[in-house]
Every structure is written in structure tokens, then in C-alpha cells.
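To keep things clear, I will list the structure first and then write my remarks on it.
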Amino acid sequence: MGEGQGGARAREAHTLTITGREKVLITGVDQVDFFSEELVCARTELGTLQVKGRGLHMVDLSGERGRLLVEGQVAGVSYSEERQPKSLWGRLLQ
15 MGEGQGGARA REAHTLTITG REKVLITGVD QVDFFSEELV CARTELGTLQ
65 VKGRGLHMVD LSGERGRLLV EGQVAGVSYS EERQPKSLWG RLLQ
């Protein structure tokens, strides 16, 4: 067996694709921090990405490749520069 087999797979570069406000494909995802029917928060190399909407559900999540597919009624997306979520105390002291 070669050295390249069985090793960690390379993550895809970060992309965001929204199709018809019903599907969101995100690549380059490091971690999903929060998921509900109204909000998805995922860490990417470009910051934390928030997807807001209604009836959101995860259709596919590939941690090895860093891909996340969300379906539902998408109301908006936004990025924050903050990569690490602050503790409760950190948010209260701002």
C-alpha cells in the first residue's frame, strides 16, 4: 500500500452556492457549530458563516471533505470575522 492511502483527504476550498433560495452547498467547512430549522452556523477558513431561514435541514455533511448541503427556505447568509465562538462571559463583557 502506498503512503498516500489511508491518510487524511484534502479539504475543498471554501465556496458558497445558493440554488433558488432552497439549497445551500458550502465547501471548506471546518466545523458546524450550531444547527436548527432557522439557523446554521459553520466555521470556514474565511470566518463563521451563518445561514438563516425556515425549515432548514442538513441533507449531507462530509467532515472529511468539508462539505455541507442544507435545504429549506433560505432568507439570507452572512459572514463574521470571528472564527472562535466567545464564551458566555466574553459576550457579556463586550
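Each residue of the sequence shown is one higher than the one before, counting from 15 in our numbering. Glycine included, every Cβ here is placed at the ideal spot set by N, Cα and C.
In the DSSP assignment, the beta strand (DSSP E) including residue i goes from what residue to what residue?
i: Gly69; result: Gly61 to Ser76
i: Glu85; result: Arg81 to Ser94
i: Ala56; result: Leu53 to Thr58
Measure how close the beta-carbons of residue i and residue j come, nearest whole angstrom, since I'm counting them as under 8 Å.
i: Gly8; j: Glu52; result: Since the first residue shown for the chain is 15 and the last is 108, residue 8 is missing from the structure and cannot be characterised.
i: Val88; j: Ile32; result: 6 Å
State the Cα-Cα distance for the pair residue i and residue j, rounded to the nearest angstrom.
i: Cys55; j: Ala24; result: 22 Å
i: Thr41; j: Glu59; result: 10 Å
i: Gln191; j: Glu36; result: A question about residue 191 goes unanswered here, because the residues of the chain that appear run from 15 up to 108.
i: Leu63; j: Gly69; result: 18 Å
i: Asp47; j: Arg57; result: 7 Å
i: Leu83; j: Leu39; result: 5 Å
i: Glu26; j: Glu95; result: 20 Å
i: His28; j: Val43; result: 7 Å
i: Glu85; j: Ser76; result: 15 Å
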